[in-house]
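Residue numbers (our numbering): 990 to 1197. Right, one structure below, let's go through it.
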DNA sequence: AGGACGATTAACT
DNA sequence: GTTAATCGTCCTC
């Protein structure tokens, strides 16, 4: 069972709410781990200042500008990987960041990859945590999620937006914070509390 | 060539 | 509530 590529059109803002409840499965490393998504964010292309694609294609963001159905993985804060589902037509950057989910198969492997997690609900609560559970990273950047024999696949995608999907501002960004392009399963314990973005390190103060 | 900063997390007080 | 960890990417000389 797999998801047809055409279902990932036309762009991230349509796809993102429908990804709530979708199941992504990873066989990376020979262990099967599957996650049911509870929180995602839409990122558009050159018209979305919060998107990695805002300034046009670069080697890092090439996958975002490619055909739908591929995984866009990026490295951040010097230590974490996060993963997106590319969903726009070829040539138009559009992707959905996978922010949180519930592990539905392979919980024991997820705990092995996330030794800091003490409770099951913390395994994939947060984008870098989710990526760690499924072993998503450099090796899976560009993976074809619509290929039934690929190491990472979209196993199911609800045909319609489910009831109980809420939306609001995206987490951790410092521009375009007014766009309510985060979608989550209302009341789910794996969903992030909102946190505005901004500098995590003080800019040099001229008075020092 | 140099530097600022980040779609974050874990470990603190 | 705060802060350190840590390095690839991209912008600005």
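Beta carbons are placed, not taken as given, at the ideal position from N, Cα and C, and that holds for glycine.
Practice problem: Taking only the alpha-carbon atoms, compute the straight-line gap between residue 1140 and residue 1014 and give it to the nearest angstrom. | Solution: Approximately 8 Å, taken between the alpha carbons.
Quiz item: To the nearest angstrom, how far is it from the Cα of residue 1122 to the Cα of residue 1169?
Solution: Distance between the alpha carbons of residue 1122 and residue 1169: 27 Å.
Exercise. Give me whichever residues DSSP pairs with residue 1142 in a beta bridge.
Key: Residue 1142 has 1014 as its beta-bridge partners, per DSSP.
Exercise. In angstroms with no decimal places, state the Cα-to-Cα distance between residue 1100 and residue 1090.
Key: The straight-line gap from Cα to Cα measures roughly 14 Å.
Quiz prompt | Beta-carbon spacing of residue 1102, residue 1021 below 8 Å | solution = Against a cut-off of 8 Å, the Cβ pair of residue 1021 and residue 1102 comes out as no contact.
Self-check item: Which listed residue (1171, 1072, 1179 and 1167) has its alpha carbon closest to that of residue 1110
Solution: It is 1179.
Quiz item: What residue range is occupied by the uninterrupted beta strand (DSSP E) comprising residue 1071?
Solution: Start and end: 1069 to 1075.
Quiz item: Which class does residue 1003 belong to by DSSP, given the choice of helix, strand or coil?
Solution: Assignment of residue 1003 by DSSP, reduced to helix, strand and coil, places it in the helix class.
Practice problem: Find the nearest neighbour of residue 1080 within the set 1047, 1092, 1003 and 1151, judged by alpha-carbon distance. | Solution: When only C-alpha atoms are compared, the closest one is 1047.
Quiz item: What do you get for residue 1160, buried or exposed, if any count of 16 or more other CB atoms within 10 angstroms of its CB means buried?
Solution: Flag for residue 1160 reads buried.
Quiz item: To which residues of the same chain is residue 1027 closer than 7 Å at the C-beta, ignoring the five residues directly before and after it?
Solution: Cβ within range, chain order: 1009, 1089, 1090, 1091, 1173, 1174, 1177, 1179 and 1180.
Exercise. State the Cα-Cα distance for the pair residue 1167 and residue 1031, rounded to the nearest angstrom.
Key: In a straight line, the C-alpha of residue 1167 is about 13 Å away from that of residue 1031.
Exercise. Look at the alpha carbon of residue 1007 and the alpha carbon of residue 1150, and state the distance between them as a whole number of angstroms.
Key: Distance from the CA of residue 1007 to the CA of residue 1150, rounded to the nearest whole angstrom, comes to 5 Å.
Quiz item: Do residue 1072 and residue 1053 have their C-beta atoms within less than 8 Å of each other?
Solution: At a Cβ-Cβ threshold of 8 Å, residue 1072 and residue 1053 do not count as neighbours.
Quiz item: Fully enclosed by the region 1112 to 1180, which alpha helix (DSSP H) runs are 4 residues long or longer?
Solution: The region 1112 to 1180 contains these whole alpha helix (DSSP H) runs: 1116 to 1122.
Quiz item: Under the three-state reduction of DSSP, which class applies to residue 1100: helix, strand or coil?
Solution: Residue state, collapsed to three classes: helix.
Exercise. State yes or no: is the C-beta of residue 1126 nearer than 7 Å to some heavy atom of the ligand MN?
Key: No copy of the ligand MN occurs in the structure displayed, which carries no ligand at all.
Quiz item: When the Cα atoms are used, what is the spatial distance from residue 1129 to residue 1062?
Solution: The C-alpha of residue 1062 is placed about 7 Å away from the C-alpha of residue 1129.
Practice problem: Taking 8 Å as the cut-off, decide whether the C-beta atoms of residue 1119 and residue 1087 are in contact. | Solution: Yes; because the gap between Cβ atoms is below 8 Å, this pair is in contact.
Practice problem: Go through its chain and collect everything with a Cβ distance to residue 1044's Cβ below 8 Å, but skip five positions before and after it. | Solution: In chain order, 1035 place their CB closer than 8 Å to the CB of residue 1044, counting only its own chain and leaving out the 5 sequence neighbours on each side.
Quiz item: On the three-state DSSP scale, how would you describe residue 1051?
Solution: When DSSP states are grouped into helix, strand and coil, residue 1051 belongs to the helix group.
Practice problem: Measure the beta-carbon distance from residue 1076 to residue 1001 and round it to whole angstroms, keeping in mind my assumption that it falls under 8 Å. | Solution: Between the beta-carbon of residue 1076 and that of residue 1001 there is about 5 Å, and that keeps the pair under the 8 Å contact cut.
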